[in-house]
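Read in the UniProt record's numbering, the sequence shown has 662 at position 662, and its numbers run on one by one without any break.
Beta carbons: idealized from backbone N, C-alpha and C, even for Gly.
These notes are about the structure you will find just below.
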Amino acid sequence: MKKAFLFFILVSYFSFAQDAETACKTLNKINNLLQTEHYKPKAVNDSLSKALFSDFFNRIDSDIAFFTKKEIESLKKHELKIDDYIISSKCEFLEEIFIFYKSGIERNKKIIEQLQLENYASDTSDTIYLSRGKRDFFKDEATLKKVLKKRIVFDIFQEISKLSKNKDSLIAKINSLKTSAKEKVFANQFCKINNLLNDSKLKEKFYADFYKTFCEYFDPHTNYFSNIEKNEFTTALNSNDNSLGIIIEINEDDEFFVQKIITGTSAYNDKKISVGDQILNFETNEEKIEINCGTTEKINTILNDSKAYNLKVTFRKKDGSIYTSTLEKNKIKNYQNTVYSLIVENESKYGYIKIPSFYYDELGTNPVSNDLFKEIFKLKEEKIKGLIIDLEFNGGGSIEECIKMVGMFIDLGPVSVLSNKNEKPVILKDFNKGIVYNDPIVILINGLSASASEFFAGTLKDYNRAILLGNTTFGKGSMQSILPLNYQSDNQEFIKVTIEKFYQITGKSNQSSGIQPHIELPNLFNNLLPKEKDEKYALKNDTININLDFKKLNTDYTAVIQNSLNRINSNPYFTNIKNVNDKVDSFFKRKEKRVLLKFKNVFEDVHSLDNLYLETEKILKTNFNLKFSLNTFDKDVIQFDEDLKIDFENKIKEVSTNAHIFEATNILNDLTKK
1 MKKAFLFFIL VSYFSFAQDA ETACKTLNKI NNLLQTEHYK PKAVNDSLSK
51 ALFSDFFNRI DSDIAFFTKK EIESLKKHEL KIDDYIISSK CEFLEEIFIF
101 YKSGIERNKK IIEQLQLENY ASDTSDTIYL SRGKRDFFKD EATLKKVLKK
151 RIVFDIFQEI SKLSKNKDSL IAKINSLKTS AKEKVFANQF CKINNLLNDS
201 KLKEKFYADF YKTFCEYFDP HTNYFSNIEK NEFTTALNSN DNSLGIIIEI
251 NEDDEFFVQK IITGTSAYND KKISVGDQIL NFETNEEKIE INCGTTEKIN
301 TILNDSKAYN LKVTFRKKDG SIYTSTLEKN KIKNYQNTVY SLIVENESKY
351 GYIKIPSFYY DELGTNPVSN DLFKEIFKLK EEKIKGLIID LEFNGGGSIE
401 ECIKMVGMFI DLGPVSVLSN KNEKPVILKD FNKGIVYNDP IVILINGLSA
451 SASEFFAGTL KDYNRAILLG NTTFGKGSMQ SILPLNYQSD NQEFIKVTIE
501 KFYQITGKSN QSSGIQPHIE LPNLFNNLLP KEKDEKYALK NDTININLDF
551 KKLNTDYTAV IQNSLNRINS NPYFTNIKNV NDKVDSFFKR KEKRVLLKFK
601 NVFEDVHSLD NLYLETEKIL KTNFNLKFSL NTFDKDVIQF DEDLKIDFEN
651 KIKEVSTNAH IFEATNILND LTKK
């Protein structure tokens, strides 16, 4: 018996040592690559060590449910030594943390099992504090259990509250509702915890999380990728995908719903599936994934798995009925991720072009620049007097494509300046003589226009070639490259590393500051959008001393801009947006709120924003009575493509409620009258 026990100890020890050794080798490779390639590498020192210690626990235990304060204190002996461990290749500290981590997950399950046996009254004297900021770990297991019970009580009352806006009707049948809500809450708790405990790659993901934490210390866009994650990232930049035909949205309770259905896909042809249906599970030939607790990573893996051509998907309608559909992935032209154009009329005829991303593929077929050129050509045939280019929600993509597109609107000249840590700044130029489109342009931007979008908008602003309308952009002025971690073997690990910053031709940078529009438009929830400057390790804004010769368009926009501002300030629509934003900002800027754990109090908390939702819905449904139509070429095409016809009809419905397009046409009216 002693020999068997000793054998177990030795096997465990050598397994831990081997894992730690592998981790150190990987970390050293990552560090060597970042020190060599990163735009602004950071020293491996006590500052890095302290940051990694804090950030790593926040990553693996964001709900502060697996570690106690006492356990964190016992691990703090490593807080200022991680840099030394990496340099000396002694990473056993990660094994020690993993033991606590797995033990914490198992303890969490035991606590939930104990709490499941308890009865839950509709009224308690307890209070729960809901915090939006960073929270401390709880003192010990007893405190953790107490807090978890409060969370479960809140979740049960929350589930009941979401069933109806009529509080009295819910109270009348509270006992039966409480039973079903309790079952759902605990099923979700067990599902999530069992997903972790039954995950054969738990330790592998634990190490990967540490590698990611290490990379993100250098800047928020530098990251560690597995081969699968790398393929998912590059696929997102390609307009042609295998798709089931459903676009998914996730609510605050991690429930998955159908947001959109892509025409021409198996989901569209199914006819049972509707927007708003909840997705309950996916089933492949090998496994069944319950969505109520399935991780986003796992679901993405299934959706992007090239071998999983057929999936059984179970949905729930709003009336509660459940049905299952078998969906097939097809290679489609994803209408949601390609350039399209419309004609819009407001006094005169203008063109509208939506650029959802700066996509490309490795073969160079159907890049965004080609698609943009085609749409401009179609619109010019319609004798448009001005052009609206929509970059709202465009997160970027290929800088090479962006340079080609900028060149369509200027006649030769510099477009940007690239800077890396080793060489002199490189001036990027448009070498193509001539202009594809020469008439007035308005570019729409918002807080989620990022990277290549900012490059494009900022350059045309510097050339005075367009008026920018909307909101300050995200503020990402850096470029990344995906590099293999090991060149000598099969590449299973990659690093997305920030290698350069790009600057405007004036020497300014949009990094962390964004591109400011000529005309600021009130926009719903704008202050809640994420910004680069809010990222903990974002690169700082700076300028470079450079004097470039470029031909700026000699057009004075002062009067046009003032006219637009006057219209915006006098328009009740935008006044309503400002009022809603003030209420939203007031609600969400609270770092902590206190809720008494009585049903009526939780009900009031759940429904506290109901009226605000109604106000928001009314704003979003406002129609601006613009006349949208297709160009002649697309009119002919849709005669033979019913799916494309329906897709265009949906697009026209969507843009008809866009106030930014409406104001853009007013601006073009002023520009064309000059």
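* Cβ shell of Val606 (< 7 Å), same chain only, five flanking positions each side left out -> Gln158, Ser161 and Lys162
* To do: Whole angstroms is fine: what's the gap from Thr36's alpha carbon to Thr222's?
  => Thr36 and Thr222 have their C-alpha atoms some 14 Å from each other.
* **Residues that Leu428 bridges to, as DSSP identifies them** => Per DSSP, the beta bridge partners of Leu428 are Ser416.
* What residue does the beta strand (DSSP E) around Tyr503 start on, and which one ends it? -> Glu493 to Tyr503
* Given a threshold of 16 other Cβ atoms within 10 Å of its Cβ, counted over all protein chains shown, does Glu423 qualify as buried or as exposed? -> exposed
* Of the listed residues Ser416, Phe358, Cys24 and Val344, nearest to Glu382 (C-alpha basis) -> Val344
* Smallest Cα separation from Ser398: which of Leu391, Leu418 and Val368? -> Val368
* Asked: With distances taken between CB atoms, is the gap from Gly507 to Glu454 smaller than 8 Å?
  -> Between Gly507 and Glu454, the C-beta gap is not smaller than 8 Å, which leaves the two residues out of contact.
* Asked: Can you tell me where the beta strand (DSSP E) with Asn346 in it begins and where it stops?
  -> Tyr340 to Asn346
* Do Ile441 and Leu391 have their CB atoms nearer than 8 Å? -> no
* Asked: From Gln244 to Tyr360, what does the alpha carbon distance come to, in whole angstroms?
  -> Position check: residue 244 holds Leu in this sequence, whereas Gln was assumed. About 21 Å.
* Contact the stretch 623-631 vs the stretch 189-201: 3+ CB pairs below 8 Å -> At 8 Å Cβ cutoff, the stretches do not touch.
* To do: Take the Cβ of Arg465 as the centre, count every other Cβ of all protein chains shown within 10 Å, and call the residue buried at 16 or more, exposed below.
  => buried
* **Thr314, enclosing beta strand (DSSP E) - first and last residue** => Asn310 to Arg316
* C-alpha distance - Lys288 paired with Ile261, whole-angstrom precision -> Lys288 and Ile261 have their alpha carbons spaced roughly 23 Å apart.
* Cα separation between Val602 and Asp277? -> 26 Å
* Asked: Expressed to the nearest angstrom, what Euclidean distance is found between the alpha-carbon atoms of Lys29 and Leu485?
  -> 7 Å
* To do: Return the CA-CA distance between Phe648 and Glu532, expressed in angstroms with no decimal places.
  => 34 Å
* Starting from the N-terminal side, write out each stretch of the alpha helix (DSSP H) that is 4 residues or longer and does not extend beyond the stretch 33-110. => 46-60, 69-75 and 82-87
* To do: Apply the 10 Å Cβ neighbour rule to Leu342 and answer buried if 16 or more other Cβ atoms are within range, or exposed otherwise.
  => Label assigned to Leu342: buried.
* List the whole-angstrom C-beta distance separating Gly264 from Asp643, where the pair is believed to meet the contact cut-off of C-beta under 8 Å. => 4 Å
* To do: Report the three-state DSSP secondary structure of Arg151 (helix, strand or coil).
  => In the three-state scheme derived from DSSP, where H, G and I count as helix and E and B as strand, Arg151 is classed as helix.
* **Whole-angstrom C-beta distance between Asn471 and Asn666, which should lie under 8 Å** => No, Asn666 and Asn471 are not in contact; Cβ-Cβ is about 18 Å, not under 8 Å.
* **Terminal residues of the beta strand (DSSP E) in which Pro484 lies** => Ser478 to Pro484
* Starting from the Cα of Val436, find the closest Cα among Met479, Gly475, Glu141 and Leu379 and give me that residue. => The residue from Met479, Gly475, Glu141 and Leu379 with its alpha-carbon nearest to that of Val436 is Leu379.
* Which of helix, strand or coil DSSP assigns to Leu27 -> helix
* Buried or exposed: which applies to Val584, given that a residue is buried once 16 or more other Cβ atoms fall within 10 Å of its Cβ? -> buried
* Have a look at the DSSP bridge pairing and note the partners of Ile322. => Arg316
* Opening and closing residue of the beta strand (DSSP E) in which Val258 lies -> Segment Phe256 to Ile261, the beta strand (DSSP E) holding Val258.
* Contact belief for Leu671 with Val560 at Cβ below 8 Å, rounded distance in angstroms -> 6 Å
* Glu642 - containing alpha helix (DSSP H), residue span -> Glu642 to Val655
* Kindly indicate the opening and closing residues of the alpha helix (DSSP H) around Glu401. => Ile399 to Val406
* Does the pairing of the stretch 148-157 with the stretch 107-120 give three or more beta-carbon distances under 8 Å? -> Because the criterion of three Cβ pairs below 8 Å is met, the stretch 148-157 and the stretch 107-120 touch.
* What three-state label does DSSP hand Lys146 in the structure shown? -> helix
* With which residues is Gly276 paired in a DSSP beta bridge? -> Checking the DSSP bridge columns, you'll see Gly276 has no partner listed.
* Three-state secondary structure assigned by DSSP to Tyr129 -> strand
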